[in-house]
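> 1 is the number of the first residue of the sequence shown in the UniProt record's numbering; add one for each residue after it.
Each residue gets a CB set at the ideal place from its N, CA and C atoms; glycine is no exception.
Just passing along the structure, written as structure tokens.
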Amino acid sequence: MKSSKIISKLPYQEPFLYVKTIDEVSDKFIKGSYTFKASSWFYKGHFKNNPITPGVILTECAAQIGLASFGLYLLSQQENIDLGQVKLAMTFTTVEFLKPVLPDEKVIVEAEKMYFRFNKLKSSVKMYNMSGDLVLRGELAGVILP
1 MKSSKIISKL PYQEPFLYVK TIDEVSDKFI KGSYTFKASS WFYKGHFKNN
51 PITPGVILTE CAAQIGLASF GLYLLSQQEN IDLGQVKLAM TFTTVEFLKP
101 VLPDEKVIVE AEKMYFRFNK LKSSVKMYNM SGDLVLRGEL AGVILP
């Protein structure tokens, strides 16, 4: 499955789509990116005169790449799955924020599959800035229902 098809099957749209590219994907690993535009709605109030990307938005970006996109790819490997009808739900998250992400900063998300069984995916995720600094790490889990 091509990365453009994975992104097109995600159940998100602007302004809540936080996946720009899927650069690598396999049965065990996914890597993708997103650039947080300075004009994004959440910078207007987070924080006054010192905008940084909210942690919940960073978590969402990591989940859209490391769970949703990854899960769609893994489901696409099965037969008779209509990816247009897939429903997603996050069931578990534990993340640590290590550095702020600023407006117009690009992040790279890498996720490794911990397990995928009974349509539940658990991934270990890491997010890096363009300097290669680790800005987020943790584990995410979700249910992917075809």
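The alpha helix (DSSP H) spanning Thr59 covers which residue range?
Counting along the chain, the unbroken alpha helix (DSSP H) around Thr59 starts and ends at Gly55 to Ala63.
> Distance check for Val107 and Pro51, CA to CA, integer angstroms please.
16 Å
> Can you list, in chain order, the stretches of the beta strand (DSSP E) that have 3 or more residues and sit fully within the stretch 61 to 122?
87 to 97 and 105 to 117
> Please state if the CB of Ile22 and the CB of Ser3 are separated by a distance shorter than 7 Å.
yes
> For Ser47 and Val101, what's the separation of their Cα atoms in angstroms?
According to the sequence provided, residue 47 is Phe. The question's Ser does not apply to it. About 12 Å.
> Tell me whether Ser131 sits in a helix, a strand or coil according to DSSP, three-state version.
coil
> In the DSSP assignment, what are the bridge partners of Gly142?
According to DSSP, Gly142 bridges with Met90 and Leu121.
> I'd like the span of the alpha helix (DSSP H) that includes Lys2, first residue to last.
Note, Lys2: premise wrong, no alpha helix (DSSP H); not H, not E.
> Do Phe97 and Leu136 have their C-beta atoms closer together than 7 Å?
yes
> Do the stretch 75 to 83 and the stretch 29 to 43 touch if we need at least three Cβ pairs shorter than 8 Å?
no
> On the premise that Phe42 lies in contact with Leu74, defined as a C-beta separation below 8 Å, what is that separation, rounded to the nearest angstrom?
Not really, about 30 Å apart at Cβ, beyond 8 Å.
> Determine whether the beta carbon atoms of Leu10 and Ala63 lie at a separation below 7 Å.
no
> Hey, how far is the Cα of Val125 from the Cα of Gly138?
The straight-line gap from Cα to Cα measures roughly 5 Å.
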